[in-house]
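Below is one structure; the comments refer to it alone.
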Amino acid sequence: MTLRIEAIIDSNTASQSAGITCRESIESHGGLDIPVTTASRDTADQVFLDPNVDVFIVTAPTHVWTADTLAIIVAAFRRNPDLDVLYGPEDVGSGPSSWAPERLRMHDYLGGIVAISGRVGHQLVGIRTDRYPHHRWDLAFRATEVARRIEVATTPLATRVSNGARFANPECVRRGNEVLNDHLTRVRSSAGVHLAGPPTDLGIRPVPTTTPKISLVIPSMASNHPTVGSQLARLGRVLDGLPSGHSDRLLETLVITGSGFPTAIGHHEPCRRLAVKILPLCRDHSMKWRYLDAAASHAAGDVVVVVDDDVVIESPDWLETLCAIALEPRIGAVCATATDITFPVSASPAGPEGPLIVPTSTAPSGCIAMRREIFVRMSGLLDDATGSALPLLLRRRDLACVTTGHARFHRIRELAGVS
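This is the structure:
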């Protein structure tokens with residue numbers, strides 16, 4: 179299959195000399211038969227117009243083609259006729275960085291070359307230089323939103339020769355916010371933009387588009403505590419770490435415990451302050467997740483958030499973050515992250531380099547949020563020490579189980595002599 183290819187140099191990101199160097203590398207390694215279009219401020223809205231082109235190779239002048247650039251791109255599009263977007267790792271030896279829309283929402287990590295199918299390119303209506311210096315980020319969003327198949331090459335598609343300019347003035351920040359907010363609007367995401375560190379690094383955290391009622395469920399098993407005083411002390415630390423400022427109408431707190439403890443817990447000061455509802459079980463030695471069966475019939479919130487009674491949440495906006503993610507239609511459950519869990523760089527859930535959420539096949543206990551209808555359908559959470567049952571059942575319903583580093587917690591360890 180012969181592919182008709184056009185190279186597009188985004189000349190908005192570097193000097194004229196850089197553009198010349200980039201063009202020379204295309205002509206040297208791509209051959210003179212490949213047309214090269216320069217997308218300047220005045221012509222960027224006129225690219226992607228040729229209806230006969232099968233693949234557009236958009237190149238930043240901060241990068242130059244290598245002897246393998248064209249061969250890698252052609253082989254990928256010949257191998258997969260449905261391929262719409264191809265990009266590569268930024269540096270040699272870094273390995274491929276798997277496609278993650280949440281990570282793209284932190285920064286444009288698609289590299290100096292993005293190969294776009296003609297089908298997608300013809301829908302893009304040019305490069306929006308009014309979003310400069312975030313116009314390539316905008317292009318990456320618009321292309322991947324309509325792409326049927328996105329792949330990453332195993333090696334870089336180009337060699338970086340310049341880092342390009344970085345801009346931190348308020349207008350550039352405003353344009354970056356505009357690019358990201360427009361993308362979130364197009365994909366109907368409830369996430370909101372915030373600055374994550376330097377003014378040039380934009381990030382997001384989710385915020386609910388509505389004001390949901392939340393049911394906080396805390397299972398407190400008598401068998402885990404040597405005395406009532408020990409149980410109350412641990413429960414008090416958990417309750418003290420819960421967010422304040424929510425009205426009783428929008429937040430209810432339920433503590434599920436054994437039959438011998440509800441009176442003492444009900445008179446505990448943190449419980450009185452938060453108007454905690456006590457749900458006693460008739461079986462004091464029920465397994466932990468069986469305690470949640472009781473919550474399934476009593477919780478009235480739109481979102482049910484289960485917090486272990488040895489967990490202290492560290493993130494200030496953890497409750498809003500978990501609820502916003504849980505309310506996404508494709509999400510079945512979202513788990514907070516323990517601070518002692520280490521993620522690989524490519525899947526780090528925190529910071530501008532990592533995605534907002536990470537799919538998981540094992541639901542870690544500690545702090546889990548689910549929409550109430552899903553929680554009830556599952557009869558709470560399962561008696562499953564491995565944590566694999568919940569993601570499996572959700573996957574069968576075409577729902578995802580994810581973790582997020584934007585809600586973090588640590589465990590109270592006073593039983594081991596450490597507070």
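Under my numbering, the first residue of the sequence shown carries the number 179, and numbering increases by one thereafter. Heads up, the beta-carbon is just placed ideally off N, CA and C, and yes, glycines get one too.
- Task: For V596, name the three-state secondary structure that DSSP assigns.
- Result: Working through the sequence shown from its first residue, we reach residue 596 at position 418. With a pLDDT of only 35 at V596, under 50, the local geometry of the prediction cannot be trusted, and the value read off the model is given with reservation. Judged by DSSP in its simplified three-state form, V596 adopts coil rather than helix or strand.
- Message: In chain order, what are the residue ranges of uninterrupted beta strand (DSSP E) at least 3 long that sit wholly in the stretch 208-269?
- Response: Runs found: 214-217, 233-237, 241-243, 263-265.
- Query: Taking Cβ to Cβ, would you say F587 is nearer than 8 Å to V484?
  - Reply: If you number the sequence shown from 1, residue 587 lands on position 409. If you number the sequence shown from 1, residue 484 lands on position 306. No, the pair does not count as a contact, with Cβ atoms beyond the cut-off.
- Which residues mark the beginning and the end of the alpha helix (DSSP H) in which G289 is found? Numbered from its first residue, the sequence shown carries residue 289 at position 111. Here G289 belongs to no alpha helix (DSSP H), and DSSP marks it neither H nor E.
- Take every Cβ of the stretch 234-253, pair it with every Cβ of the stretch 192-209, and state whether three or more of those distances are shorter than 8 Å. Counting Cβ pairs under 8 Å, three or more are found: they touch.
- What's the C-alpha gap between P239 and T515? In the sequence shown, the residue the question calls residue 239 occupies position 61. In the sequence shown, the residue the question calls residue 515 occupies position 337. Pairing P239 with T515, the inter-Cα distance amounts to about 40 Å.
- Query: Could you give the residue range of the beta strand (DSSP E) that holds L394?
  - Reply: The residue labelled residue 394 in the question sits at position 216 within the sequence shown. Its beta strand (DSSP E) spans residues 392-397.
- Message: Looking only at its chain, what residues have a beta carbon closer than 6 Å to the beta carbon of G296, apart from the 5 residues adjacent to it on each side?
- Response: Residue mapping note: residue 296 aligns to position 118 of the sequence shown, counting from 1. Correct list, in chain order: V231, D232.
- Comparing alpha-carbon positions, which option in N341, T199, L417, H312 lies nearest D360? Numbered from 1 along the sequence shown, position 182 holds the residue referred to as residue 360. Looking from the CA of D360, the closest CA among N341, T199, L417, H312 belongs to H312.
- Message: Tell me the rounded alpha-carbon separation between T435 and H584.
- Response: Here the question's residue 435 lines up with position 257 in the sequence shown. Here the question's residue 584 lines up with position 406 in the sequence shown. Distance between the alpha carbons of T435 and H584: 29 Å.
- Message: Just to check my reading of the structure: R412 and D488 have Cβ atoms closer than 8 Å, yes? What is that Cβ distance to the nearest angstrom?
- Response: By 1-based counting over the sequence shown, the position of residue 412 is 234. By 1-based counting over the sequence shown, the position of residue 488 is 310. The beta-carbon distance between R412 and D488, rounded to whole angstroms, is 6 Å. This is short enough to meet the 8 Å contact definition.
- Compute the Euclidean distance between the alpha carbons of R549 and T581, then round it to the nearest angstrom. To locate residue 549, count along the sequence shown from 1; it is residue 371. To locate residue 581, count along the sequence shown from 1; it is residue 403. The straight-line gap from Cα to Cα measures roughly 15 Å.
- Item | Beta-carbon proximity list for R309, same chain, < 6 Å, skipping 5 on both sides | Within the sequence shown, numbered from 1, the residue matching residue 309 stands at position 131. The residues are D316, R353, V357.
- Item | DSSP bridge partner residues for D188 (one or two, in chain order) | Residue numbering aside, residue 188 sits at position 10 when the sequence shown is read from its first letter. Note: D188 sits in a beta bridge opposite A217.
- C-beta neighbour in chain D for P404, strict 8 Å: Within the model displayed, chain D is absent; a lone protein chain is all it includes.
- Taking all protein chains shown into account, decide if T180 is buried (16 or more other Cβ within 10 angstroms of its Cβ) or exposed. Translated into the one-based positions of the sequence shown, residue 180 becomes position 2. Burial call: exposed.
- Message: Am I right that P542 and V481 are in contact with their C-beta atoms under 8 Å? What's the rounded C-beta distance?
- Response: Taking the sequence shown and counting its residues from 1, the one referred to as residue 542 is at position 364. Taking the sequence shown and counting its residues from 1, the one referred to as residue 481 is at position 303. About 18 Å; that fails the 8 Å criterion.
- Task: Tell me where the beta strand (DSSP E) around R589 begins and ends.
- Result: Within the sequence shown, the letter at position 411 stands for residue 589. Looking at the DSSP string, the run of the beta strand (DSSP E) that includes R589 is 578-589.
- Query: Can you tell me the Cα-Cα spacing of L478 and L428, whole angstroms?
  - Reply: Your numbering for residue 478 matches position 300 in the sequence shown. Your numbering for residue 428 matches position 250 in the sequence shown. Before going on, a small fix: residue 478 reads as Ala here, not Leu. Approximately 10 Å, taken between the alpha carbons.
- Three-state secondary structure (DSSP) of E329: Numbered from 1 along the sequence shown, position 151 holds the residue referred to as residue 329. Under the three-state reduction of DSSP output, E329 falls in the strand class.
- Between which two residues does the beta strand (DSSP E) harbouring V489 extend? As a first step, residue 489 is located in the sequence shown; it is residue number 311 there, counting from the start. In the DSSP annotation of this structure, the continuous segment of the beta strand (DSSP E) that includes V489 starts and ends at 489-491.
- Message: With distance defined between alpha-carbon atoms, name the residue in R574, A222, I294 nearest to V330.
- Response: Along the sequence shown, one-based indexing puts residue 330 at 152. With distances taken between Cα atoms, V330 lies closest to I294.
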